[in-house]
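Participant: Under full-length UniProt numbering, the sequence shown has 30 at position 30, and the numbering climbs by one with no breaks.
This is the structure, below, for whatever I ask next.
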Amino acid sequence: MSETESHPALALEGELNIYGAAENKLRILEFLSRAKEAPALDLSGVTEVDTAGLQLLILAQREAESMGTSLRLLDPSASVLDVLQLCNLTTRFDVSGALECNP
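Written as structure tokens, this is what we have:
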């Protein structure tokens, strides 16, 4: 985790594809259960995203909402932004630090 205790962030790296999503699912859900408010996923180190990765991001967002908070996506890599834009999901997520993000 990074940032501050009141605004925790979990950094994800590498591929967020069917294999990486499976490996990170429990990690993300545990992080969200510990985060008190304003949790964020740092996606600056993500090199690849497929539909499984996108499903995981949507699951994480829904889980945060069910806990009464919102999930931020910090500094998403070009790969993440490309998929969000391709699927017209840039406005569905609270994206921070992505100057290239044009919804």
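Beta carbons are placed, not taken as given, at the ideal position from N, Cα and C, and that holds for glycine.
Please name the residue in L26, A22, L84 and L12 whose C-alpha comes closest to that of E63.
Facilitator: When the alpha-carbon of E63 is set against those of L26, A22, L84 and L12, the nearest one is in L26.
Participant: Does the beta-carbon of S66, which I'm using as the reference point, lie nearer than 6 Å to any heavy atom of the ligand GTP?
Facilitator: With respect to the ligand GTP, the structure offers nothing, as it holds no ligand at all.
Participant: Quick one: residues in its chain with C-beta nearer than 6 Å to the C-beta of D50, no 5 flanking neighbours on either side, listed in chain order?
Facilitator: Here the set comprises N17.
Participant: Okay, do the region 78-92 and the region 27-34 touch, 3+ Cβ pairs below 8 Å being the bar?
Facilitator: no
Participant: Since S44 is in the beta strand (DSSP E), which residue starts that stretch and which ends it?
Facilitator: A40 to V49
Participant: Write down the C-beta distance between E23 and E48 rounded to the nearest angstrom, noting that I regard them as a contact closer than 8 Å.
Facilitator: Rounded to the nearest angstrom, the Cβ distance from E23 to E48 is 13 Å, too far for a contact under 8 Å.
Participant: L74 and A9: beta carbons closer than 7 Å?
Facilitator: yes
Participant: In chain order, what residues of the same chain have a beta carbon less than 8 Å from the beta carbon of L56, not counting five sequence neighbours either side?
Facilitator: L16, A21, N24, K25 and I28
Participant: What is the DSSP secondary structure of S70, reduced to helix, strand or coil?
Facilitator: coil
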